[in-house]
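First comes the structure, then the notes that go with it.
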């Protein structure tokens, strides 16, 4: 592993690569600090730019955008009490309270340091854990892969938001769209309506750009006339070493929480931030300080939401299972570059994987410097009016989906997905399950059918292999736990409503 | 009663039913394989089940009606603009269509500052040209009018 790491270090320490990481971070921080533009949208918008790039540079550009946007979301959370991304909602609680007292500078410094520590620790865990997990997953055959895909899909119930049935329907629609095109075993064209373009199936990248970026643009158009500008006084009060020492424990604990939650598919940065905030409050001696401007209340969610980044990479790279929408986009980016995420990735593309690891470490270090040096410059992004941003986002969606394969059909797919995405949101359907279904559908179906061919049609193949049984059990538990919880809660509220 | 849930339940059931009916054209395969129609049928069946649940929920929901939004017109109009833009690209080419689209959308969102109107509608295609065509070597369609 050491030799691979040094090789990765040598590959990453080229000026082009370093530049790409920095550009990615700058774009990410700008996007993240714009309320309404999430990490997912940022990564989806920048994704097409990477098609023409080398694998390492392209992926690291996206990694930079991803890391930067998670961090950037906290800037506006602290300065104007508007979390740029849902992940920084917890940061706003104490961050804005500090800013109101004129201590924005201090809060921003804590957020920067905590983010860096969280990010760094999670990448270190990633480097240590991922290869072992990949090694284990190498033994997987068709039934295990089927169970794994089902497990990946089972997280739909925990990312469904308000209505479980709507989330499940969205996931199933994604699965159904995934069946369009040639059938994976017999090669029979399904649901193609005699269209040549549909023969190869619906590409999930334009769908993703449409669902996450274009539909948001349509939505922003509605809210265009309700935006507001807030001015804030920032005094130059710096963080003292003494104060920093008090925060180290909180940062480390929160990083651990974040990394662990990040590893679980379906639980994302927003959840980890709130869990870490809660834990920091529980461990604190003066709990009443929280909510009124506690530095620990900034450090905890920031360390946690950034440490999710490294944790979320573990199932993505080793098993090929994206834990949330951002990692789903990253999965697409890897596949476009010819890097199929999964256990084989470490065998076939070891040097590239380790270069990515080193790049992620560097991205976190750069974030520290960028953050400490120019944090307040980024808040200037907020001065760009939404009216100007929206047409630019739509144009980027169009060019982006076109450049995927110089195919105008992909642009049409993007637009249709954007319109559908808009109405899904109106009817309170979550969009991420569709992507999950679209990505994992083919993996599930082909491995399901391959298993049955292996066992000559005997269904018991899924109940006699130990790893398959364990994975299927976890999948069932993951799928039904939130449903049971919801039912219990409704009973307690006396509503008696199912799902 | 929550009307949106009932509507969406009916819509997804109709979609699933339509796809289900199409699976009857799929061939049966060897006995070992479940065949190309199996999975789509499972998905459609589950969608119908959950869609039905959604409709029942919609009828049983006792929460008050939410205020109807009139702003949906803005979004629909934006989609109309995009549709027009996508129709224009094959004829006028990407760059000219983009400039027109951005300009139109800015005017629609009540941007009246002349400098902003001109710089953004010309700057956006220029940015695409530099980043995508020059740096990333994407072949941007020029349109039948110019080629």
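Chains as they are written, first to last, in my numbering: chain E, 792 to 1290; chain X, 4 to 150.
All C-beta atoms, glycine included, are put in the ideal place defined by N, C-alpha and C.
On a predicted model such as this, the values are computed, not experimentally measured, just so you know.
| Item | Value |
| --- | --- |
| Residues near residue 1006/E in its chain [Cβ-Cβ closer than 6 Å; skip 5 each side] | 1209, 1212, 1213 |
| Residues, ordered as in the chain, of the stretch 1195–1220 of chain E that lie near chain X by beta-carbon distance below 8 Å | 1197, 1199, 1202, 1203, 1206, 1209, 1210, 1213, 1217, 1218, 1219, 1220 |
| 8 Å Cβ cutoff met for residue 127/X and residue 1182/E | yes |
| Contact with chain X by residue 949/E, beta-carbon distance below 8 Å | no |
| Pairwise C-alpha distance: residue 141/X and residue 1197/E | 8 Å |
| Selected residue, minimal CA-CA separation from residue 1134/E, among 925/E, 896/E, 1234/E | 925/E |
| At least three beta-carbon pairs within less than 8 Å, the stretch 941–955 of chain E to the stretch 1120–1138 of chain E | no |
| Distance, residue 934/E Cα to residue 1265/E Cα | 15 Å |
| In DSSP terms, what residue 980/E is bridged to | 973/E |
| Distance CB(residue 1128/E)-CB(residue 850/E) smaller than 8 Å | yes |
| Simplified DSSP assignment, three categories, for residue 41/X | helix |
| Residue 1007/E at chain X interface by Cβ criterion, 8 Å | no |
| Rounded C-alpha distance that separates residue 11/X from residue 1218/E | 7 Å |
| DSSP state of residue 65/X mapped onto helix, strand, coil | coil |
| Per-residue contacts from residue 77/X into chain E (C-beta, under 8 Å) | 1012, 1013, 1015 |
| Where residue 977/E meets chain X, residues with beta-carbon distance less than 8 Å | 30, 32, 36, 38, 39 |
| Distance CB(residue 1049/E)-CB(residue 958/E) smaller than 8 Å | no |
| Residue interval of the alpha helix (DSSP H) (run including residue 1044/E) | 1032–1054 |
| C-alpha distance - residue 94/X paired with residue 106/X, whole-angstrom precision | 18 Å |
| Residue-chain proximity (residue 934/E, chain X), Cβ-Cβ < 8 Å | no |
| Residues within the stretch 1238–1254 of chain E neighbouring chain X, beta-carbon criterion of under 7 Å | 1240, 1243, 1244, 1247, 1248 |
| Exposure label - residue 986/E; buried when at least 16 CB within 10 Å | exposed |
| 6 Å Cβ shell around residue 131/X - same chain, five flanking residues per side excluded | none |
| Proximity to residue 1012/E [Cα-Cα], best of 17/X, 109/X, 120/X | 109/X |
| As assigned by DSSP and simplified to three states, the class of residue 923/E | helix |
| Option nearest residue 124/X by Cα separation, candidates 828/E, 1254/E, 1184/E, 1249/E | 1184/E |
| CB contact below 8 Å: residue 970/E versus chain X | yes |
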